[in-house]
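Asker: I'd like to ask you about the structure that follows.
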Amino acid sequence: MTGKDIPGLQEAASVIPQGTKINVTFLGNEDLEMRVAAAKAVKDLGFTPVPHISARRIGSQGQLEEFLGALREVGATEHVFAVGGDPAEPEGPYPDSLSVIRTGILQDYGVKEVSIAGYPEGHPDIADDVLWRHLEDKSTALKEQGLDAVILTQFAFDTDPVTAWIRAVRDRGIDTHIRVGTPGPAGVKRLIGFARRFGVGANAMIVKKYGFSLTNLMGTAGPDRFVGDLSNLLGQDPASGDVSLHFYTFGGLLATSEWARDYVDANS
């Protein structure tokens, strides 16, 4: 959710299981008060806030500590997501999430678990070897600091690169819990727009496998087939380890929450 999504969270609250992790984004057009208010709303409604720390948007160590301090005041620092962020040039001393982790500041504000980003299909602006090196370095740094870790992936439409990437993570000796990103139900045109923005494969063959067609951009698509196929594939590979899902709510918090509830009911 974003800082503007508190009404949407309140609308969806009755459908979301208590304790569910809900990420709170760090957008450039929102301020500290909005981000903290959103994290507080998550906490107050009985869920687990996971506020984002966008490294390249942090202007100074003082700004980082101000943000963490404000989150601590509302009980929202146990779980955070450290991510590089969008700006081409860092606005302060942190060029990437690894540099934030290495400050050692997070523990001072009560952080216990740090989510880090994973990119099964690569990143449009970062070379694959750099992504792997940073994933390994972040995993090592968090272990050395006694912090729990979660790898939270970019969303995907195709299970093949996801399962191959999970195998590659495990082959590198990284046994961290992985949360595979998938979009909740949303308009096809909107999904394609996000895919292009984030470098996610969305050619005709891939999206047909996911469950929609590029010729029907006015329709809506959900992750039923992707989730079912991924579950089956991981069930056949015990070496995949601890893997669960993370939903990107491009179609709204309520629509995603209702889909997840109905999917669980139908498959239980």
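For the record, in the sequence shown the residue sitting at position 95 is 91 according to the working numbering, with numbers rising by one throughout.
Ideal Cβ positions, reconstructed from N, Cα and C, are used throughout, including at glycine.
#1: Ignoring anything shorter than 4 residues, give me the alpha helix (DSSP H) runs that lie fully in the region 62 to 102, in order along the chain.
#2: With a cut-off of 8 Å on the beta carbons, I'd call Arg52 and Pro86 a contact; round off their distance for me.
#3: Quick one: does the C-beta of Phe190 sit closer than 7 Å to a heavy atom of the ligand PLP?
#4: For the 8 Å Cβ check, are there 3 or more pairs between the region 217 to 225 and the region 130 to 139?
#5: Taking 6 Å as the limit between beta carbons, can you name the residues of its chain near Tyr105, skipping five residues before and five after?
#6: Let's test the definition: count the other Cβ atoms within 10 Å of the Cβ of Pro47 and tell me whether it reaches 16, buried, or not, exposed.
#7: Tyr244 by DSSP, collapsed to three states: which one?
#8: Pick out whichever of Gln6, Ala84, Pro89 has its Cα sitting closest to the Cα of Gln59.
#9: Does the beta-carbon of Ala262 have 16 or more other beta-carbons within 10 angstroms, so that it is buried, or is it exposed?
#10: Taking the straight line between their C-alpha atoms, what separation do you get for Glu62 and Ile101?
#11: Check the DSSP bridge columns for Ala145 and list the partner residues they point to.
#12: Contact defined as beta carbons within less than 8 Å: I believe Leu5 pairs with Leu249. What is the distance between those atoms, to the nearest angstrom?
#13: Between His338 and Leu148, which are expected to be in contact by the criterion C-beta below 8 Å, what is the C-beta distance as a whole number of angstroms?
#14: So what does DSSP say about Ala123, is it helix, strand or coil?
Answerer: If we stick to the structure as given:
#1: 93 to 97
#2: 4 Å
#3: For the ligand PLP, the structure offers nothing, since it holds no ligand at all.
#4: no
#5: Leu64, Arg68, Thr73
#6: buried
#7: strand
#8: Pro89
#9: exposed
#10: 11 Å
#11: Val110
#12: 6 Å
#13: This structure cannot speak to residue 338, because the chain is shown only from -3 to 264.
#14: coil
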